[in-house]
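Right, one structure below, let's go through it.
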Amino acid sequence: MNAVEAMNVSKRFGSITALDGVSVSFNNGVYGLIGPNGSGKTTFIRIMLGLQKPSSGKILVFGKDPFRSHGQVCSRIGYLREKCAFPKWVTGIEYLKHVSRLKRVEFDQSILTHPIVKGGFLTRKIGTYSAGMIQRLGLIQALVGDPSLIVLDEPSTNLDPLGRVEMVGLVKEIKHDNKTIVVSTHILEDLEQICDFIIVMKGGRIIAKDSLEKFVAGFSSDGTLANAYARVMGDA
Amino acid sequence: MLDLNLESVRWELKKLLMFPIPEIVIVSMIFNGTVVLPSIIVLPEDAHPYVYGFVQNILHSIILYTFMVQGITMGIVAATIFAYEREAGILDTELVYSRSRTELFVGKFIALFLAGIIYYFTVILMLVVYNFRGSWIIESVSSLFSLCPPNAGSNNIHHIPKYLHFNDFR
Ligand SMILES: Nc1ncnc2c1ncn2[C@@H]1O[C@H](COP(=O)(O)OP(=O)(O)OP(=O)(O)O)[C@@H](O)[C@H]1O
Ligand SMILES: [Mg+2]
Numbered sequence: 121m122n123a124v125e126a127m128n129v130s131k132r133f134g135s136i137t138a139l140d141g142v143s144v145s146f147n148n149g150v151y152g153l154i155g156p157n158g159s160g161k162t163t164f165i166r167i168m169l170g171l172q173k174p175s176s177g178k179i180l181v182f183g184k185d186p187f188r189s190h191g192q193v194c195s196r197i198g199y200l201r202e203k204c205a206f207p208k209w210v211t212g213i214e215y216l217k218h219v220s221r222l223k224r225v226e227f228d229q230s231i232l233t234h235p236i237v238k239g240g241f242l243t244r245k246i247g248t249y250s251a252g253m254i255q256r257l258g259l260i261q262a263l264v265g266d267p268s269l270i271v272l273d274e275p276s277t278n279l280d281p282l283g284r285v286e287m288v289g290l291v292k293e294i295k296h297d298n299k300t301i302v303v304s305t306h307i308l309e310d311l312e313q314i315c316d317f318i319i320v321m322k323g324g325r326i327i328a329k330d331s332l333e334k335f336v337a338g339f340s341s342d343g344t345l346a347n348a349y350a351r352v353m354g355d356a
Numbered sequence: 614m615l616d617l618n619l620e621s622v623r624w625e626l627k628k629l630l631m632f633p634i635p636e637i638v639i640v641s642m643i644f645n646g647t648v649v650l651p652s653i654i655v656l657p658e659d660a661h662p663y664v665y666g667f668v669q670n671i672l673h674s675i676i677l678y679t680f681m682v683q684g685i686t687m688g689i690v691a692a693t694i695f696a697y698e699r700e701a702g703i704l705d706t707e708l709v710y711s712r713s714r715t716e717l718f719v720g721k722f723i724a725l726f727l728a729g730i731i732y733y734f735t736v737i738l739m740l741v742v743y744n745f746r747g748s749w750i751i752e753s754v755s756s757l758f759s760l761c762p763p764n765a766g767s768n769n770i771h772h773i774p775k776y777l778h779f780n781d782f783r
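Chains A and B supply the protein sequences, listed in that same order.
Using my numbering, the first residue of the first sequence is number 121, and each one after it goes up by one.
Using my numbering, the first residue of the second sequence is number 614, and each one after it goes up by one.
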């Protein structure tokens, strides 16, 4: 069974067509979702999580409709929202404990020592965090409960150069055989290091999907993902 | 069956009992419940004279009016929190954590209900203590032993602060 199976999914907001017949399936591995601003990446992710309902088409996550069986699906998902926000009045640690209790899992102390949250800021109130610290908390909360599908919408946002390296390290570390990781980002250099498959979206459609090696080999003249991406965008 | 997660109730309750919400709710309940509403809402004239002061000042001014004000204030507070969390995207993340949408919203509702009870009894207690400043209990007990006849000394109605006197507003 595929972790995610989208069949001809469309989403319209009034006159805007955000998704236009998207069919894709995600299995084990890291999937990089790329495309220009407004191409429908976030909309697809939200539909996948059951936060929005598709206008037409069908999507199954772990074999279930994520909108109808919201809880059963989401208990196996870790999610970092784009422009993530957390309550300002608790400390990072209290928040992570709250998340574990909501997900009904044992709180795993070891995440507190992860390099992505080093520097001891987790003991401070979230209201005092810098943008990058909030992003780091967002990354670590997506791992609570050891989910089998991890969805990271723009994980590199606000991270310092070392933070980006740590984010890449984190994805590499959690990428086991039985995990599906979906990363939507504009930082192609990060993606190059972590992803197995590339999905390129434009105007609500998928215009290319392939394994990273094949995609780069097929479109790039200098062996970089950025070059291949530019080429695909030019052709499309 | 709804499998309620107590953590979500605890979390919401904590949020509703945190600065500045108690301040807003309690001040609004006391001010609007004892000053504003009693001055604009008129009681029927034929209340029994003996219970007049008691009914007007306690049962009516405090219990009924503060209750009305509380409904409105807590409603506004809850709607504001909800709107903020939705706008900021906190709600999305919360939805992904939860076992079901129903569970999340029922948790929020139960917390609002519990916070309402806590605020209500806090305000009633504050107003009762303020109105009688303790003398009511002392006088009641002492009058039982005729140490201090109710009419000779202070009548407890005089202890009620001036602005709580319902007749003044007419
Ligand atoms: N709630 C909404 N109401 C109306 N239009 C929306 C809504 N959400 C998204 N859209 C539109 O849907 C399209 C796709 O948006 P989406 O956020 O999915 O893009 P994206 O690929 O994530 O872009 P970015 O790279 O900038 O994050 C855009 O044209 C956007 O304006
Ligand atoms: Mg987006």
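Cβ atoms here follow ideal geometry from the backbone N, Cα and C, with glycine treated the same way.
For clarity, every value in this text was computed on a predicted model and none was experimentally measured.
Chain-ordered chain B contacts of residue i [CB-CB under 7 Å]
i, result
"A/His190", "Ser713 and Arg714"
"A/Pro207", "Ile703"
Counted within 10 angstroms of its Cβ, other Cβ atoms place residue i as buried (16 or more) or exposed
i, result
"A/His296", "exposed"
"B/Asn618", "buried"
"B/Ala692", "exposed"
"B/Trp697", "According to the sequence as given, residue 697 of chain B is Tyr; it is not Trp. The residue in question, B/Tyr697, is exposed, as its Cβ has fewer than 16 Cβ neighbours within 10 Å."
"A/Arg256", "buried"
"A/Val352", "buried"
"A/Leu272", "buried"
"B/Gly766", "In this predicted model, B/Gly766 has a pLDDT of only 43, less than 50, meaning its place in the structure is not dependable; the value taken from the coordinates is given anyway. Label assigned to B/Gly766: exposed."
"B/Pro763", "The predicted position of B/Pro763 is uncertain, since its pLDDT is 47 and thus under 50; no value can be drawn from it."
"A/Ile136", "exposed"
"A/Glu226", "exposed"
"B/Leu738", "exposed"
"B/Gly720", "buried"
"A/Gly170", "buried"
"B/Leu717", "buried"
"B/Phe632", "exposed"
"B/Phe644", "exposed"
7 Å CB neighbourhood of residue i in its chain, flanking five on each side removed
i, result
"A/Ala251", "Asn278"
"B/Ser759", "Any reading at B/Ser759 must be qualified, since the residue scores a pLDDT of 48, below 50, and its modelled position is unreliable; no value is offered."
"B/Arg714", "Leu708"
"A/Ser195", "Lys223"
"B/Gly729", "Gln683 and Met687"
"A/Phe335", "Ile318, Ala328 and Ala348"
"A/Phe241", "Gly212, Tyr249 and Met253"
Close-in-space but distant-in-sequence residues of the same chain around residue i (CB under 8 Å, 5 per side omitted)
i, result
"A/Trp209", "Lys245, Ile246 and Gly247"
"A/Ile179", "Val124, Glu125, Ala126, Met127, Val129, Ile167, Met168, Asp185 and Pro186"
"A/Ser331", "Asp316, Phe317 and Ile318"
"B/Leu630", "Ala728 and Ile731"
Cβ neighbours of residue i in the same chain (closer than 6 Å, five flanking residues each side left out)
i, result
"A/Asp290", "According to the sequence displayed, residue 290 of chain A carries Leu and not Asp. Correct list, in chain order: Ile236."
"B/Lys775", "Caution applies to B/Lys775, whose pLDDT of 43 falls short of 50 and renders its modelled position unreliable; the model cannot decide the point."
"A/Cys204", "Gly258"
"A/Ser176", "Ser130"
"A/Ser340", "Asn347 and Ala348"
"A/Pro174", "Val129, Lys131 and Ile167"
"B/Ile723", "Val622"
Chain-ordered chain A contacts of residue i [CB-CB under 9 Å]
i, result
"B/Met681", "What B/Met681 touches in chain A: nothing, since even the nearest Cβ is about 30 Å away."
"B/Thr647", "Ordered by position in chain A, no residue passes the 9 Å Cβ test against B/Thr647, which lies about 31 Å from the chain."
"B/Met631", "Trp209"
DSSP beta-bridge partners of residue i
i, result
"A/Lys245", "A/Thr211"
"A/Met127", "A/Lys178"
"A/Met321", "A/Ile326"
"A/Val144", "A/Ala126"
"A/Tyr199", "A/Val271"
"A/Arg132", "A/Thr137"
"A/Lys173", "According to DSSP, which records beta bridges pairwise, A/Lys173 is partnered with nothing at all."
"A/Ser331", "A/Phe317"
"B/Tyr697", "Answer is none; B/Tyr697 lacks a bridge partner."
"A/Ile260", "For A/Ile260, which the question treats as bridged, DSSP gives no partner whatsoever."
"A/Val150", "A/Ile301"
"A/Lys184", "A/Val181"
Chain A residues whose Cβ lies nearer than 8 Å to that of residue i
i, result
"B/Val690", "Here the premise fails: no neighbours, minimum Cβ distance about 15 Å."
"B/Thr693", "The premise fails here: B/Thr693 is roughly 14 Å from chain A at the closest Cβ pair, so nothing lies under 8 Å."
Contact set between residue i and chain B, taken where Cβ atoms lie within less than 8 Å
i, result
"A/Arg256", "Here the premise fails: no neighbours, minimum Cβ distance about 15 Å."
"A/Arg221", "Asn618 and Glu620"
"A/His218", "Glu620 and Trp624"
"A/Leu171", "Asp705, Leu708 and Val709"
"A/Arg201", "Gly702, Asp705 and Thr706"
"A/Cys204", "Gly702 and Thr706"
"A/Met315", "Looking at the sequence itself, residue 315 of chain A is Cys, so the reference to Met does not match. What A/Cys315 touches in chain B: nothing, since even the nearest Cβ is about 22 Å away."
Residue i Cβ short of 7 Å to ligand 4 heavy atom set
i, result
"B/Asn645", "Absent from the structure shown: ligand 4. Ligands present: ligand 1 and ligand 2."
Neighbouring residues, chain B, relative to residue i (Cβ below 9 Å)
i, result
"A/Ile197", "Val709"
Original post:
In chain order, which continuous runs of the alpha helix (DSSP H) of length 4 or greater are located wholly inside the region 267-320 of chain A?
Top reply: Runs of the alpha helix (DSSP H) inside the region 267-320 of chain A: 281-294 and 308-314.
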